[in-house]
Every structure is written in C-alpha cells, then in structure tokens.
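Chains as they are written, first to last, in my numbering: chain A, 11 to 326; chain B, 11 to 326; chain C, 11 to 326; chain D, 11 to 326.
Protein chains: 4
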Amino acid sequence: MADVAVLGASGFAGALAARLIDRHPFFELEAVTSRSDAGRRLDELYPQHRVDLVLDAYDADELGAIDAAIVAYPHGAAAPVVAELHERGVKVVDLSADFRLRDLAVYEANYAEHPHPELVADAVYGLPERYREQIARASIVACPGCFPTAAVLALGPLTNPGHVVIDAKTGVSGAGRQATETTHFVSVDENVKAYGVGTHRHTPEIEQELGTRVTFVPHLLPLDQGELLTCYLDTDKDVAARLAEAYADEPFIELVGAPPGVRDVRETNFCRIHAHQDGDRAIVFAAIDNLWKGTASQAVQNLNLMFGRPETEGLL
Amino acid sequence: MADVAVLGASGFAGALAARLIDRHPFFELEAVTSRSDAGRRLDELYPQHRVDLVLDAYDADELGAIDAAIVAYPHGAAAPVVAELHERGVKVVDLSADFRLRDLAVYEANYAEHPHPELVADAVYGLPERYREQIARASIVACPGCFPTAAVLALGPLTNPGHVVIDAKTGVSGAGRQATETTHFVSVDENVKAYGVGTHRHTPEIEQELGTRVTFVPHLLPLDQGELLTCYLDTDKDVAARLAEAYADEPFIELVGAPPGVRDVRETNFCRIHAHQDGDRAIVFAAIDNLWKGTASQAVQNLNLMFGRPETEGLL
Amino acid sequence: MADVAVLGASGFAGALAARLIDRHPFFELEAVTSRSDAGRRLDELYPQHRVDLVLDAYDADELGAIDAAIVAYPHGAAAPVVAELHERGVKVVDLSADFRLRDLAVYEANYAEHPHPELVADAVYGLPERYREQIARASIVACPGCFPTAAVLALGPLTNPGHVVIDAKTGVSGAGRQATETTHFVSVDENVKAYGVGTHRHTPEIEQELGTRVTFVPHLLPLDQGELLTCYLDTDKDVAARLAEAYADEPFIELVGAPPGVRDVRETNFCRIHAHQDGDRAIVFAAIDNLWKGTASQAVQNLNLMFGRPETEGLL
Amino acid sequence: MADVAVLGASGFAGALAARLIDRHPFFELEAVTSRSDAGRRLDELYPQHRVDLVLDAYDADELGAIDAAIVAYPHGAAAPVVAELHERGVKVVDLSADFRLRDLAVYEANYAEHPHPELVADAVYGLPERYREQIARASIVACPGCFPTAAVLALGPLTNPGHVVIDAKTGVSGAGRQATETTHFVSVDENVKAYGVGTHRHTPEIEQELGTRVTFVPHLLPLDQGELLTCYLDTDKDVAARLAEAYADEPFIELVGAPPGVRDVRETNFCRIHAHQDGDRAIVFAAIDNLWKGTASQAVQNLNLMFGRPETEGLL
C-alpha cells in the first residue's frame, strides 16, 4: 500500500487520476486538492467518477504522510509544488509541461522562466514504453503531453524519420475544464478547425523525443475524449515491421491491420497504431484517449513502475 | 425601405436577426450594436452570417434616423433602451422578457422591479399567429420566449386544456453565447439533463397565454439549434381537428401526420405540429428552431406586420 | 467458478454482456455465439471490448458444459433457445421480451404467438431491486426492457401513482446494431424526435409492474448510450421520502438532490433518481445507461444473485 | 426561364440540388426522379427541403421538354443517362465520377469499363474557378468530387507544388444516404477514423488537376455536413500571396487570416481558404460544405454559367 495525493483534482485530468487511484488495488487515495474548488465534493463536480472526497486547499504540511503525488497543475504553477514535495521525499508524477523539456532554453522560449531549473535534470520523461527503467528509479516523472504521447509511440521506434508531418485530431476535453468560447458547445458542434498552427507547445516536446523536425497541426473535433494522430513520413523502410519489433512485448500498445478509431481506445490506457506503406511514403496512425493514456492513466502507469508494481495494475 | 438597427447583435439571437435584416428585401440594416464587443466586426464573431458591419456601442443619438429596432438585450437591460427608442418614435421589437408579461406583479415575482412599468400596457405579445392585428398596429412588440412560442402554438387553439404537462427538449444555443460550465462541450456532449425544474421563467409566460396551469420541464440536449415540445393533456376532444381548423391559413404552421423532428424546421421560421389522440389523453408535439421562430426570425415576422409587408417576406 | 455462454453476442447488448462476463471474477466466458456473424472475432466487431473469442453458430450440443447463459436474441427467437437450455439444466438470463409479461394475452397482443407459453410462469422478472429473492431461486430470469427498468425503479415504490406520464429520452444504441434510416448518423445528428407513440411495446411491461395506466413516449436523441426518464404524476405524497425509504440499502440506486444527467451513470450499473415535488404534482427523473443497467450489466447483476454471489461483483 | 430535371433526387446531393433549383429565380424544377423511391413525395423523404413534388421513375420520353438535367447517380449508372439526355439536346451536369477523368485508362483502373468513352472528351470538369469559359460553352459538365473541389481550389493556383500531403476531414453526409455499419450513429459518434487509405478514388482526380503526386487520406468525423482539407506542401514561395492574386475576383472564394472551420461555410457555396507559411513548408486549409460547394450548389453554379446567368444567382 502506498498513499497518494492528487493535486489539482478539480480539472479533467486530475479528477480522472483521482478516480484511478481510488480504484487501484495498491495505491490509496489520501487526499485531493484544488486551487479553485476547495471545499466542494469531488463527486459533486464529477458524479461519474464516484470519488467520495472533499477537495482541500493544498498545504504541504497538512497533506499528511503521503508516499506519492500526482500534480495536475498548469505549467509554471506545478514546478514549485513539485519542488516542495520532492524535498519532503514524496515521489511525484507531474502532468504539466514543467519538467518535460530537457533543454531549459527550449522551455523558456515556449513557456516562461523556469521556477526550478535545478530539478530539470532529475526528472524523467514519463513515457514508459521508452524510459521504463529510468522511471522505475525516478523521484520526479514528467508525464508527456497527450499529443507527444501518441506521436512518440507512433514514430519513436523509427530511425531517421526525416521531416515528419503530424496531423492531429482531438476531442474537447483536451482543452480543459475552463469554459471559453473555444469550448462552448456551439463553437465545437458540427465543426472542425485547426488551432495553434505553428505555435503549439507540444511541437518542441515531440521534436525533443524524435530528434527531428516536425510539422504539427492539431484540430479540434466535436467529441469529448479521444485523439488520433495521422503521421506522414518520407521513408521506404518497412515501418510496420519496425513497430512490430519494437512493441512485441508492450502491454498497452496494440498494432492493428487497419486505421484505428478513437472509440477503440476510449477510456483505456491503450495506444492503437497502424502503419500504411505507400512506396517511399508511410502513414502511421495512432489513437489514444487523451485523458487516459494521454494523461491520467499514463500517470498511474508511471506510478506503478515507480513503486515496483505490475505495470498494468489498476489499468485493465 | 425602412432602416433597422439591431441592438445586442453580438449574441446568438441578435446576430441572426442582423443577418435576416441584412438579407431582407424591404428592410435595410442600418447599424448593429453590442455592449461587450463594440469595435469588433460582426463577420469576425459570426463568419457564417456574412454581415459586413462593425459593432458599435449603443448611443441613441448616434444611431441615425432609424425606423425600427430589434433589441436583443437581457431582461432588465432591455426596457430602458426600448423606452428611449419608443420616445423617439422608433418601432421596437424587444426579444427580452421585459414586456411579455401583462401582469406587472408576475413580472416582478419572476424577474425584478420593472424599469418601465408605464409601457407594459402598450406592448403587444409578438406571436403573429395569435395577435396579428394588434402587432400590425403596435409600436412595441414583445417577442415571445422560445418555449412559449412553441407551447402557445401547440396548445393555444385548445379551449380548457386543463392541467398541462410540457416536456421540452432544447439545443444549447438557447443558453446563449456565454461560456459557462453548462455550455461547455464536455458538459453537454453525450448527455441529457433537465434544468430549471419548477423555476423556469417561461412558465408564467406560457400560463398567461394558455390561461391554465402548466407543469413545464426543459431539458438540455447535445445539439446546437432546435426545440421540441411534447405536451401531454387530459382531453377527449379531437385536438388534431381543432388545430387544423385554427391553422388552415397560417403560412408558418405545418400540421403533420407524424411526430416532427427538429431537423425538419432547422434554420426556418416554421413550427411543425403533430397531435396524437389516445382516448381521453392527447399528446401534441411542436418543433421549432429556437433561434429562428423561437426568436430572431419571429422578430422579422413581427416587423413585416408592423410595416405592412407580406408576413413571409425575407423568411422563405 | 461458473461457465457462462453469451448467445447473440454480435449485438450491442450481447457484446457488452460478453465483456462483463469475461472480466468477472467468478464467471468464466465459455462461448459467444452469433446468428449473423459466426466465424468472426468478437474483438474485430467490438475492438473496445477486447474479448478475444471467435463467434460460433449456436448449437446446444456443442456449447459444452455451461452453467448459465445470457440470451441476447430478439423476441420470438429467444424463447426456443431458452427452453432448450432450460431443459438441459442451464440457468438462463433472457434479454428479450419473451418472458417479461406474465399475462400471455398481453404478450400475444403486443408481440406474436408465444413459442413456449408453458415456461412463462417459471420465469422471474429480472429487476433485482424488486424481485431479489425470486431471482436468487430462479432458473429463468427475464431481464426487463431498458425503459421499464428505469420506469419501475423510479415509480415502483409509490402506491397508487395514478395515471402516469413518462417522457423518455434515449441514445441510439437502444435501437440496436442494425443499420437503418433511423440509426443513420445524418438522421439522428442535430435532431430529436418521438417514436413509437402509442405503440411502444415497453408500455404494457411498465403497466404490468406499476399496476397503473401509463402514457409513455420515447424520444431518440443524438447520443450513443444513456436513457433519461421524466415521469409526471399527480400526487401530493412526499415522493422523495418514499423513495429514500425504499432504496436505503440498494447498492445501485443513487438518490440525488438535483436532476441527473445520463453522463452521471454512463457505463455503469447505477440508476440515478431525483424527485421534485410541486404541490399536488411530482416529477421523478431516472437516468440509466440503456446498455448497462438497462440490459447487459443488469443481466450480470441477476446472474450474481442466481449463483449466490455478492450482487455487485464485477459491476463496480 | 429554363426547365430542369434532377435525376436521382432521393439521395442527399440530388435532393439538395432539387431544392436549390426549386428556389432558383431562373430555373424551374420540372421533375425529380429516383430509382429506389419512385412514387414517394420528396418532402416526405426530406421535410427540411420543402420541395412539393413526387419522385418519378426515370424515363427520358416522359421527362417532357427539359432544357437541362442534374444527374445524381452513382458512377457507371450515370453515363448511360447522360448520353441519352445529351443526344436529345439536354444540357447535363453530372455529379458522378463518370466524366471527371480525362484519361480513360485512369478511369477504368479506378472504376470499371466506361459505358460511354466517346463522350469523355466532350465533358468539361465543372470547377468554375478553373474552367469558367469552357463550362459556359459545355453541354456536359462533370461536377468534381467534394474532396477534389476543395483540394484544387486550395492548391490549383500553385505551380510545382511537389509531393503534396492532403489530410481530409469530412462529415457523414459524404458517405451518402445508404444505411451501413459505417454510417450508423454509434459507429461515428465520439469517433474519428481514416478510411480508403491509399485507395480513395478522389486521389487520381486530384492528381489530374494538380499535375502532381498526392498523398490523400480522408477521415470520417462525427458531424453531418462539412469538409476540411489540411494540405501540407514543401515550398518557400509565398502561397498566400499567390492565392490572393488568383482569387481576387472570385465570388465564392474567401481567403481568411486564420484556419477556417467548416461551420463558417455550412450550407453555402463558399470555399474558405487560409495559407500558413512555415519557412520552406506551407500549410493550406480549405473548408467547404461537401453537399453544397462539394456537390449540389456547385452544380447550380455550373448551370448558371451554362445558361449565361449571373454565376451567383440562387446561391447567396
């Protein structure tokens, strides 16, 4: 048994992380906190999760003796809390971007001044299929962004992918719980539109992991959860064979014979991948649930590794 | 030709009213105003309407020599503007609730103190199928709420309907342009929920027109525009025959032989009605587009009457 | 351990039942059959369920030594199979209408001649919250229709409810897997429409259980899973108090203080109920997932009872 | 005045074409035909179009003295009818693929043996923005496919675009009226999936018009009407400037400063285009309504040209 707190549990990802920990055979959900909704019941905000706890304001001293924390704060706000918990010996999975980029200059060019640059080198990029051993020994794990998760799973095993085009389609939950013109039902319904063209902050994260230049264009779709990446690359290598080799033993990677739909992986930690070869071009499709494998369930997968548990525990 | 201004054109209903006036053969769209978005282009906010005008701040002196105005303000904010324009001899169609309720006490019990009680008696309830002649002579027309429009069209011709149950289903545009938890895509998508049970302010408006007690329960559905009312009443009279008689010559009422869907009337000024008799019970279905017949196109239908134009002009 | 076969597992309800049995700690999924898709893999038809079995053609002799079966056949086709399995000593949960109506005349007036009238008296109506003890001893359980499940849970505890109006809203999965004009995306999307007015076969089933006349009108909504019933009744009794008393110890009934949304119960066996009193009228809302509590998970709840297992096993 | 028949008016595109002709100031809708639904009323199949005509079986002799026809048949079935009408001196706009491909070998490799190869050279590719003069003189116009329409409008003005990647997102109406597993609401809702990868028959049509190799991947989205193309190309030329020059006087092309959404062009004949330059790469977005500019309203735009009418008549 290990006691876990979820910080920022009033957001979509934090709330789901709280539910997954709450149902987990090994972890115990010790506390949930919220900056905006302290005092409210989590099962009032998210009836579907049925987590019977009241959201607290965060206070490191009052969290009690926790073994681990999942921090679901926005970038910038996450790092100070990660640092504070780290100092107290708490293992942390951070869902923000604060510790994903190894090159501080890239972080600061895309976000802002880093509040705790001294910890960047300690953090491990939390994609288990790529950094399993390092995660097992880490005390700070930076959970990847949802797009980078799918992109790196789709293309990471390929060497020299060249200049890659990634056309991403995502559901609205990826935009978070905040009510804005963008997330208004009437803006999204019967619509599809690209956003963040040329400026999306997941681009440098994908480029860091793939080691190549990426043209990345996300599109917002009229659906709740789910993310599909269509990746176009110039290569005459047998991409499907390479992926099959790389993922032979992966519990959460499903290589399939036809383009996957996001429904196939809805509310799961699976990533479903299909590769199509067209002479000297290849197309790789990767589908995940942006809130699950793209965020919250991947956080639990990381925690499983950090505590020496079976990697799939609580996730099947 | 008559010059028309649309006040509050940055909201869903106001913007659509602006588009309908802009395309109208007789009316000229002279100005569009907004309290929140003055200075922005209307076709930037609503590309689909293609109205090439900049939103102004409202100032009665700068509106120029307009003949009529459609006021798309919230209740309370509408009445002072209606009064000011009325004083200047401008004919007004008010989309708010401020002049719909003839009994001031009912208004104040449901809304707030009335800013201009002296004008209430001058205003005509703008349901053309019921008050055509009065509207033609009116200088202030209070456009009905979307639910009352459908309810009164469905049940108005019946005498002594008894205690009526109205179960309403509406799309999200009825909740307006404001981004809230209620209008967030993730709240609405794959969901259906009742709201305003026992407190919805359209209830007294329906009761005023029907002259009977009403149990009215609206439900929010995952669709953009459209409103379906399912009305249950105790009666062994031939409801269909009564409606057929009442609506024999109505250009915008379609009596049909099966339950209508809201798609049948999407983006039109039509109300489609079906009556089903089950012994001593009857069920009447009425479908409208909440932004069209429920608000903006009905406003234009009223303006047509007020200016002696063919009632269907600009609406087919 | 008990071995279970799911017959008709290529339909929406059967496939979900197969998944629930496949993940169940006590039951073992022994076989899945299909009349239309024999030979295909279930996880090819329903990737999201991840049930790694091939659909067989049904043959009682080749099913092997099963302890129980869930029969997901249409009415008329179900009864002969239920009879055959019953004769072999297999416990059966039948998802069809064949054994729900105790009065054969009512069955034959609404469906067709009954293939096995001699078994009707043996069957127990499979609503655990109402017939828990009988189900535990039954060898044939007739799982209620989805609408009757929600209706009887909402209103069953009330005595003398009078003439009840039930306005139902359902997602498209309730219409089954068959591709028809009704289930075409373009027919449903941005639409809402009543169907089966005055003829829906769930009406006599609801009336049997409630012992009162019911006006029942279902509406098809643009969502996948989920069912909301809005029930209107004439009563000045304290409905909420009565429900609280009746459901004090029910594991799957959630009485809540505000109208429930179907998202609150999506992919769960819960029924969420809210009662609103308005003088001499009451409104009771009940939300379920039509494929779960409305069909497949309720079948598993019944099986749990029939095998003396904890009622919630495999369902939380 | 010119008399027009719409053949195949029971499909989505044909029905919309019938409505547009029915409302057109110059054209008269003389007849509507259907192979599958002869004898049914068009406004029963499509209440929203309000076209008060009965569908006939097609018989060239009984069509009467028509001046033009819009043929909305599947490929293969269209050519014989086009030939027959052409022989009688009727001007034809064909919505099928039968006369789009100038190279017979390409047609036969992608479809089947051509029923009327002798007419292929007579037909003009019906993209007005590209072949305006030829269309005006043509007696057979082959209306482009929906994807080629958007693709050629987006990229046609560019010289030497190189190997282009086109990632397309489309609503379900593009799949037609037939009820299949693909068009079932439950298959599409909360889903997104690629289809026809490497085999879609619009690829050779796009390649014919662009004169370059194209990687084209369409995706099916949970929306009714609308199509967005995201086109990736290797070029350091100023794509936006080139498009601005090419489309300076086009009434239906809207060049915009941000990625368009399909809602912006819903139920219009507009194509909205945005170009984003990223060094030596460019991304061009093009949004159309697949049933309007992608099919039926473009057919009317072609007819306007063929009869010397203002190009926008009946389309604004």
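Ideal Cβ positions, reconstructed from N, Cα and C, are used throughout, including at glycine. Treat the numbers as computed from the prediction; the structure is a model and nothing was measured.
| Query | Result |
| --- | --- |
| Residues sharing a beta bridge with GLU237 of chain A, DSSP | A:THR180, A:ILE298 |
| Coil, strand or helix - PRO171 of chain C by DSSP | coil |
| Cβ neighbours of GLY289 of chain A in the same chain (closer than 8 Å, five flanking residues each side left out) | ASP246 |
| Interface residues of chain D facing ASP274 of chain B [CB-CB closer than 8 Å] | PRO57, GLN58 |
| LEU326 of chain D, buried or exposed, once every other Cβ within 10 Å from all chains shown has been counted against 16 | exposed |
| Burial state of GLU128 of chain A, where buried means 16 or more other Cβ atoms lie within 10 Å | exposed |
| Cβ contact (3+ pairs, closer than 8 Å) linking the segment 279-286 of chain A and the segment 253-267 of chain A | yes |
| Residue environment, SER46 of chain C, which counts as buried when at least 16 other CB atoms sit within 10 Å | exposed |
| Beta-carbon contacts of ASN300 of chain A that lie in its chain and below 7 Å, excluding the five residues immediately before and after | CYS156, THR180, GLY181, SER183, GLY184, GLN235, GLY236, GLU237 |
| Secondary structure of HIS96 of chain B, DSSP reduced to three states | helix |
| Three-way DSSP call (helix, strand, coil) for PHE157 of chain C in this model | helix |
| Distance cut-off 7 Å: PRO35 of chain B Cβ against heavy atoms of the ligand PLP | Annotation note on the ligand PLP: not contained in the displayed structure, which lists no ligands. |
| Proximity to HIS90 of chain C [Cα-Cα], best of C:HIS173, C:GLU72, C:TYR68, C:ALA75 | In the sequence as presented, His is not what sits at residue 90 of chain C; that position holds Pro. Measuring from the Cα of PRO90 of chain C, the nearest candidate turns out to be C:TYR68. |
| Residue of C:LEU65, C:PHE37, C:MET11, C:ALA12 minimising C-alpha distance to ALA25 of chain C | C:LEU65 |
| Entirely enclosed beta strand (DSSP E) segments - the segment 238-297 of chain C, minimum 3 residues | 263-265, 281-288 |
| Contact set for ASP108 of chain C: own chain, Cβ-Cβ below 6 Å, skip 5 residues either direction | HIS85, ALA88, ALA89 |
| Where GLU321 of chain A sits in the DSSP three-state scheme | coil |
| Given 8 Å, three or more beta-carbon pairs between the segment 294-312 of chain C and the segment 128-142 of chain C | yes |
| Chain B contacts from the segment 226-259 of chain C (Cβ-Cβ distance under 8 Å) | VAL227, HIS229, LEU231, PRO232, LEU233, ASP234, GLN235, GLY236, LEU238, THR240, TYR242 |
| Sub-8 Å separation of ALA75 of chain C and PHE36 of chain C beta-carbons | no |
| DSSP three-state assignment for GLU219 of chain B, whether helix, strand or coil | helix |
| Partner residues on chain C for ASN201 of chain B, Cβ-Cβ distance less than 8 Å | LEU233, GLY236, GLY271, VAL272, ARG273 |
| C-beta neighbour in chain A for LYS179 of chain D, strict 8 Å | yes |
| Proximal residues of chain C, C-beta to C-beta of GLU191 of chain D below 7 Å | ALA189 |
| Beta-carbon contacts of ASP177 of chain D that lie in its chain and below 6 Å, excluding the five residues immediately before and after | VAL227, THR240 |
| Beta bridge counterpart(s) of GLU123 of chain D as assigned by DSSP | None; GLU123 of chain D has no bridge partner. |
| Inter-residue spacing [alpha-carbon to alpha-carbon] between ARG50 of chain D and SER44 of chain D | 9 Å |
| Bounding residues of the alpha helix (DSSP H) (the contiguous stretch that carries ILE80 of chain D) | Element bounds for ILE80 of chain D: not the alpha helix (DSSP H) but the beta strand (DSSP E), 78-81. |
| LEU111 of chain B - DSSP class collapsed to helix/strand/coil | coil |
| Where the alpha helix (DSSP H) containing LEU73 of chain A begins and where it ends | Where LEU73 of chain A is concerned, there is no enclosing alpha helix (DSSP H), given that its DSSP letter is neither H nor E. |
| Residue-level contact to chain A via CB, VAL294 of chain D, 8 Å cutoff | no |
| C-beta neighbour in chain B for PHE36 of chain A, strict 8 Å | no |
| 7 Å Cβ cut-off: residues of chain B touching HIS286 of chain C | VAL207, GLY208 |
| Helix, strand or coil at ALA204 of chain B [DSSP, three-state] | strand |
| Nonlocal neighbours in the same chain, by C-beta distance under 7 Å from HIS96 of chain B, ignoring five residues either side | VAL102, LEU129, SER149, ILE150 |
| Cross-chain neighbours of ALA204 of chain A in chain D, by beta carbon under 7 Å | THR240, PRO269, PHE295 |
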